[in-house]
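**Student:**
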DNA sequence: CATTATAGTTAGCCGCACCTAACTCTGTCA
DNA sequence: TGACAGAGTTAGGTGCGGCTAACTATAATG
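Protein chains in written order, with my numbering: chain A, 2 to 159; chain B, 2 to 159.
#1: With 16 as the cutoff for other CB atoms within 10 Å, does residue 61(A) come out buried or exposed?
#2: Measuring straight from C-alpha to C-alpha, what distance separates residue 40(B) and residue 113(B)?
#3: If you drop the 5 nearest sequence neighbours on each side, which residues of the same chain put their C-beta closer than 7 Å to that of residue 76(A)?
#4: Can you list, in chain order, the residues of its chain whose CB lies under 6 Å from that of residue 25(B), leaving out five sequence neighbours each side?
#5: Using a Cβ-Cβ cut-off of 8 Å, state whether residue 56(B) counts as contacting chain A.
#6: Checking the sheet assignment: what are the DSSP bridge partners for residue 72(A)?
#7: List, in chain order, every chain A residue whose beta-carbon is nearer than 9 Å to that of residue 117(B).
#8: Chain A beta carbons: is any one of them nearer than 8 Å to that of residue 150(B)?
#9: Any beta carbon of chain A sitting closer than 8 Å to that of residue 98(B)?
#10: Name the residues in the stretch 115-139 of chain A whose C-beta lies less than 9 Å from a C-beta of chain B; which are they?
#11: With distance defined between alpha-carbon atoms, name the residue in 37(B), 64(B), 99(B), 48(B) nearest to residue 123(A).
#12: Can you give me the C-alpha to C-alpha distance between residue 88(A) and residue 107(A), rounded to a whole angstrom?
#13: How big is the Cα-Cα spacing for residue 142(B) and residue 16(B)?
#14: Could you pull out every unbroken alpha helix (DSSP H) segment of at least 4 residues lying fully inside the stretch 66-127 of chain B, listed in chain order?
#15: Who are the neighbours of residue 101(A) on chain B, taking C-beta pairs under 8 Å?
#16: Please tell me whether residue 83(B) has its Cβ less than 8 Å away from any Cβ of chain A.
#17: Starting from the Cα of residue 32(B), find the closest Cα among 155(B), 93(B), 78(B), 70(B) and give me that residue.
#18: Could you check whether residue 136(A) and residue 109(B) sit closer than 8 Å to each other, using their CB atoms as the reference points?
#19: What span of residues does the alpha helix (DSSP H) with residue 50(B) cover, start to end?
#20: Using a Cβ-Cβ cutoff of 9 Å, what residues of the stretch 18-42 of chain B are near chain A? List them in chain order.
#21: At a Cβ threshold of 8 Å, is residue 153(A) touching chain B?
#22: With DSSP collapsed to three states, give me the class of residue 132(B).
Here it is, written out as structure tokens:
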């Protein structure tokens, strides 16, 4: 059985995943990660960040000590990358396949990334790749869909 | 500007949307809707249902009086149908396009349906229709994707 | 080196959404 | 018709994840 070799699940809440992802993103841009940056990035007050950091530290995902900079642990990086990847996969699908504008796609991805498991994400990634690849083989699925969608909208309004 | 004619938003939490959807689904099967049915359907305890019903009643979405059967108001039906439709659109996409099995698709749809707005849902519905239609025009996108996905998986494991 | 602005923390409150325990109502059946 | 099972409610507790107010630590500046 698969369950006999079940991996230790971190079981993060959506909110904690958001904090982890924010730290990951900031770290990729700004050399150091400050509590304040996280708060701004997520639009929450500073005490919320402090509490989240303590919890993430207890779970071994961030290196945290009071008044210090924040860094991700090895497993924190892995976990954050996993979440960020989901975000990216979902957003790409919305943009490249559905033709949603980048801003709306980003927002929707933020809300959706915590709800989809690895299996569906893998298929979604595969599908987006497939669509992009198919475009290079003559039949451009995304382009054809855009036509389809537009004509359907016209039909609706008249 | 669009905002000048902004509609009154009900602004239901994900949880309340779940209650509403459950009532809608039960009503479509069982003549009368009992508090207990809702509790079983959602896997929550009965007091949770009582509280949710009071809130939904205050919002004018259900007709509720203590110890009575539950019915949806007109706007409750509209709102519930909207949520149920989202669920259906998402699930269909997972099943018909991505080839996910029905059970997993249902579960994922439950978690995703509160996160996607009308615009993306509309595009997703359109896309699923497009894929289904394209199958009848010679190039079966879903089928081709399944091949693509399988071969990619083979490549991964060896 | 003292001052002061700013970053970070602590303490404590609130709302949401779940729960259990215990009570009340209702409909059935002997 | 009265007792009882089961449905529904009330009361009150919990955890999460926000918040503000007030305190403390750090770092920059004269």
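Backbone N, C-alpha and C fix where the C-beta goes; we use that ideal spot for every residue, glycine too.
**Tutor:** Taking the definition as stated:
#1: exposed
#2: 21 Å
#3: 61, 62
#4: 81, 85
#5: no
#6: 64(A)
#7: 109, 112, 113
#8: yes
#9: yes
#10: 115, 116, 117, 118, 120, 121, 123, 124, 125, 127, 128, 130, 131, 132, 134, 135
#11: 99(B)
#12: 8 Å
#13: 36 Å
#14: 75-93, 103-113
#15: 120, 121, 124
#16: no
#17: 70(B)
#18: no
#19: 47-59
#20: none
#21: yes
#22: helix
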